[in-house]
Amino acid sequence: MSHWYEIFSTGQTPGAGSYEYLRCGKVVVVTDDEQLPRCPHCKQRSFSRSTEPPPPTTSFL
Ligand SMILES: [Zn+2]
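Number 15 in numbering that gives the first Met the number 0 belongs to position 16 of the sequence shown; there are no gaps in the numbering.
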């Protein structure tokens, strides 16, 4: 079991789901054919798949 921690990078399209920036822990949600964006805050480009459910869009801002 060495595959418990998958890492993704900006520009990849790993599929619909929520992904968490490794450095700041911010969660981003992408759709099936959407690319992972770069973090607007810390500019980092590495993600892990988040186990958190996507935040409701109505609570954004
Ligand atoms: Zn960040």
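The beta carbon of each residue, even a glycine, is placed where N, CA and C say it ideally should be.
Pick out whichever of the options has its Cα sitting closest to the Cα of residue i.
| i | options | result |
| --- | --- | --- |
| Asp31 | His40, Cys41, Gly10 | Gly10 |
| Glu33 | Tyr18, Thr12, Thr50 | Thr12 |
Between residue i and residue j, which are expected to be in contact by the criterion C-beta below 8 Å, what is the C-beta distance as a whole number of angstroms?
| i | j | result |
| --- | --- | --- |
| Val26 | Gly16 | Rounded, the Cβ-Cβ distance is 10 Å, inconsistent with contact. |
Within a Cβ cutoff of 6 Å, which residues of the same chain sit near residue i, ignoring the five residues on either side of it in sequence?
| i | result |
| --- | --- |
| Glu5 | Arg48 |
Check the DSSP bridge columns for residue i and list the partner residues they point to.
| i | result |
| --- | --- |
| Gly16 | Val29 |
| Arg48 | Tyr18 |
Could you name the residues of the same chain whose beta carbon sits closer than 8 Å to that of residue i, not counting the 5 residues immediately before and after it, in chain order?
| i | result |
| --- | --- |
| Gln43 | Tyr20, Leu21, Arg22, Cys23, Arg37 |
| His40 | Cys23, Lys25 |
| Phe7 | Pro13, Tyr18, Leu35, Ser45, Phe46, Ser47, Arg48 |
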